[in-house]
Each structure stands twice: as structure tokens, then as C-alpha cells.
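Residue numbering for the sequence shown follows my numbering, starting at 11 and increasing by one per position.
Structure first, commentary second.
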Amino acid sequence: MTGTTHIITGITLWLGVSKALGLPPDMTALGCAWLGSVMPDIDEPESFIGRKLWPLSYPIKLVFKHRGAVHSLLGMVAIGALALLPRGPCLGWAAFLVGYLSHLLADTLNKSGTPLLYPFRDKVGFPPNKRYRLKTGGIGEVLFLLLALACLIALI
Numbered sequence: 011m012t013g014t015t016h017i018i019t020g021i022t023l024w025l026g027v028s029k030a031l032g033l034p035p036d037m038t039a040l041g042c043a044w045l046g047s048v049m050p051d052i053d054e055p056e057s058f059i060g061r062k063l064w065p066l067s068y069p070i071k072l073v074f075k076h077r078g079a080v081h082s083l084l085g086m087v088a089i090g091a092l093a094l095l096p097r098g099p100c101l102g103w104a105a106f107l108v109g110y111l112s113h114l115l116a117d118t119l120n121k122s123g124t125p126l127l128y129p130f131r132d133k134v135g136f137p138p139n140k141r142y143r144l145k146t147g148g149i150g151e152v153l154f155l156l157l158a159l160a161c162l163i164a165l166i
């Protein structure tokens, strides 16, 4: 998935969760969902977040490779715990985790899948047959993005 798709998906999922929980609109939480939705790509120095946090991005890619540990539930918990340190549990922290999770789930739709259960290296993908998964930047991703945008508009 491209960064734009991850951002739209993360914001949409957060708005859906917050509406389901009856939470009032919160721009800080929305920003945290946005940040969480791009954070797994810190393992790719050429990504949006990788370019912004390049001193971290390069070593992470060297150690874990792209779509390694930070593209897993363990990575989400570890980075989520680091994000929790400054303030303790808050709405922004929950939004960050929802955005992060949206990235992981969206990447399961890609041809290569994602190692959700890292350190186990098997990659999870949906549908199980790679032939039916989306190609990054392909027409399938464009259709997925349009669906996410439609959901976002419905939630607003």
C-alpha cells in the first residue's frame, strides 16, 4: 500500500472506532491515528516517515528489513509502549494504536503480506492465495482507496 492509502485507512478506522465508542471528535487523536498509520514504514528509509526519522529508519531496516518486526503485532506493542511513555494512556495513544493496526491489516492485502506474528517469519496475507491480493499502486489498491474514502465521507 502507498502512504496515502495507509493514511486514509488509518483515519477512517479511527473515526469508525471513535464513533462506535461515542467519543467526541478530537483533532489530536486524529493526528495520532495519522501518525500511527504511517509508523510501521519507519523500516523503509524512502517512505514518508522513514525520510522524517532517517536516523532511526536506516538502522531499523538494517536489523529487521522492510516488513519485518515493526510490521507485526509485537512491533505495534513495542512502538505503542514507547509512544505511551510521555503521557500515559490517553485518547491519542489509543488512536495511534488503531492507526498502526490499520497499516498492518491493510498490508495483509498486499501480495507479499506481513509477518503479523513476528518473530515467526511466516507472512499473513488475505486472501490466502497471493494471486488475488493487491499490488502496491495497482488498480486494486486504487479501488481499495476509493472504498476507504467513501467510508471516510460516510463517517464525517
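We treat Cβ as the ideally placed atom computed from N, Cα and C, and that holds for glycine.
In angstroms, rounded to a whole number, what distance separates the CA positions of K71 and G32?
The straight-line gap from Cα to Cα measures roughly 39 Å.
Under 8 Å Cβ to Cβ from D132, same chain only, skipping five residues before and after it: list those, please.
Excluding residues within five positions, the ones whose Cβ falls inside 8 Å are P125.
Where are the alpha helix (DSSP H) runs, 4 residues long or more, that stay fully inside the segment 22-54, in chain order?
Runs of the alpha helix (DSSP H) inside the segment 22-54: 37-48.
Go ahead and pull the three-state DSSP assignment for L95.
Note: L95 maps to coil in three-state DSSP.
Could you tell me whether the Cβ atoms of V108 and V27 are closer together than 9 Å?
Contact flag set, yes.
On the three-state DSSP scale, how would you describe L144?
Here L144 sits in strand by DSSP.
Looking only at its chain, what residues have a beta carbon closer than 6 Å to the beta carbon of A39, apart from the 5 residues adjacent to it on each side?
If we look at A39 and ignore the five residues flanking it on each side, its Cβ neighbours are L101, G102, A105.
Can you round the beta-carbon distance between H81 and L114 to whole angstroms, since I take them to be within the 8 Å contact cut?
That belief holds up - the Cβ atoms of H81 and L114 are roughly 6 Å apart, short of 8 Å.
Along the chain, which unbroken stretches of the alpha helix (DSSP H) at least 4 residues long are found entirely within the segment 64-129?
DSSP runs (the alpha helix (DSSP H)) wholly in the segment 64-129: 64-74, 83-94, 101-117.
Rounded to whole angstroms, what's the CA-CA distance from H167 to L111? Just pull it up for me.
The first residue shown for the chain is 11 and the last is 166, placing residue 167 beyond what the model contains.
Verify whether the separation of the beta carbon atoms of G60 and I52 is less than 9 Å.
Going by C-beta atoms, G60 is nearer than 9 Å to I52.
Would you report the Cα separation of G13 and L119, rounded to the nearest angstrom?
Answer to the nearest angstrom: the Cα atoms are 15 Å apart.
For F154 versus A116, is the C-beta distance shorter than 9 Å?
For F154 and A116, yes; Cβs fall inside 9 Å.
Assuming T22 contacts L162 under a Cβ cut-off of 8 Å, what Cβ separation, rounded to an integer in Å, is found between them?
Yes, they are in contact, since the Cβ atoms of T22 and L162 sit about 4 Å apart, within 8 Å.
What's the call for Y142, buried or exposed, on a 16-neighbour Cβ count within 10 Å?
Result: exposed.
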